[in-house]
Amino acid sequence: MRVRKKSWASEVLETNKHLIHQPENYKGKWNELFGNDNPIFVEIGCGKGRFISQNALTYHNINFVGVEREPTVIATAARRLVDEQKNVFLIPGDVENLGNFFEVGEIKRLYINFCDPWPKKKWAKRRLTYRTFLERYKEIFGESAEIFFKTDNRGLFEFSLNEFCGNDWKLSNISLDLHSSDYEGNIMTEYEEKFSGMGMPIYRLEARWGEQK
């Protein structure tokens, strides 16, 4: 889906202090930017920022970084953040470059929320839960990895279950209808609110690999 450009977006992209335009400069040094050694949780495709901004407000002892490649969309996310939020930054960038942004072991958790399902079989390698992406995530995480995944697309969820299991990830808290489950503490994204409002089930899982501390 093509995103319409907004007249205000350019100024936000240039001036908003939550945006990190040269994340490579902080590789291995994100703790200096945050000013603490709290764990770093990263959301891939943070969209308009509802999920990551609410998480940052809720969990003050966690540092959050959102990655989004659409300029206008991440500008919207940046406008959502308030100046007082010191535990969240946004990267205008692509998941393909995640290894250039973070040192091995710097990330403690990845959130993948409502990513493009790339429904055609020939597009499978583009899905963010495809095995080559899972291997890249392992390399970035280092000794252990943790991914929280949500989608409204049943086909993508089934595909992801197989990819995680075939790549030696341990799954837990699997839900085929998140909003009807007893899972507590869920924070919705914009898409999640829209789809659940239409009566569509939300699928969720937690995937872990390696030695968990």
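Under the working numbering, the residue at position 172 of the sequence shown is numbered 194, and the numbers go up by one with no gaps.
C-beta atoms are modelled at their ideal positions from N, C-alpha and C, and glycine is treated no differently.
Since the structure is predicted, the reported quantities are computational estimates derived from the model, not experimental observations.
For Glu65, no alpha helix (DSSP H) run applies; the uninterrupted beta strand (DSSP E) run containing it begins and ends at Ile62 to Ile66, by DSSP.
Taken in chain order, the unbroken stretches of beta strand (DSSP E) that lie wholly in the stretch 60-104 and span 3 residues or more are 62-66 and 85-90. Residue pairing for Arg226: DSSP places it in a beta bridge opposite Lys172 and Ser197.
Proximity to Asp199 across Ala100, Glu214, Tyr225 and Phe217 peaks at Tyr225, based on C-alpha coordinates.
Around the beta carbon of Trp30, a 10 Å sphere encloses fewer than 16 other beta carbons of the protein chains shown; the residue is thus reported as exposed.
In the DSSP assignment, Phe123 falls outside any beta strand (DSSP E) and within the unbroken alpha helix (DSSP H) covering Leu120 to Phe123.
Straight-line measurement puts the Cα of Lys144 at about 19 Å from the Cα of Phe186. In terms of CA proximity to Asp174, Cys137 leads the group Cys137, Asn208 and Asp190. Inclusion of Glu46 and Gly67 in the CB contact set at 8 Å is not warranted, their separation being larger than that value.
Below 8 Å, enough C-beta pairs join the stretch 49-61 and the stretch 125-133 to call them touching: three or more. Comparing alpha carbon positions, the residue from Ala146, Ile62, Phe179 and Lys142 closest to Ala78 is Ile62. Residue environment: Lys70 is assigned as buried (16 or more neighbouring CB atoms within 10 Å of its CB, all protein chains considered). A straight-line Cα-Cα distance of about 18 Å links Asp59 and Glu165. In the displayed model, Ile129 falls within a strand according to three-state DSSP.
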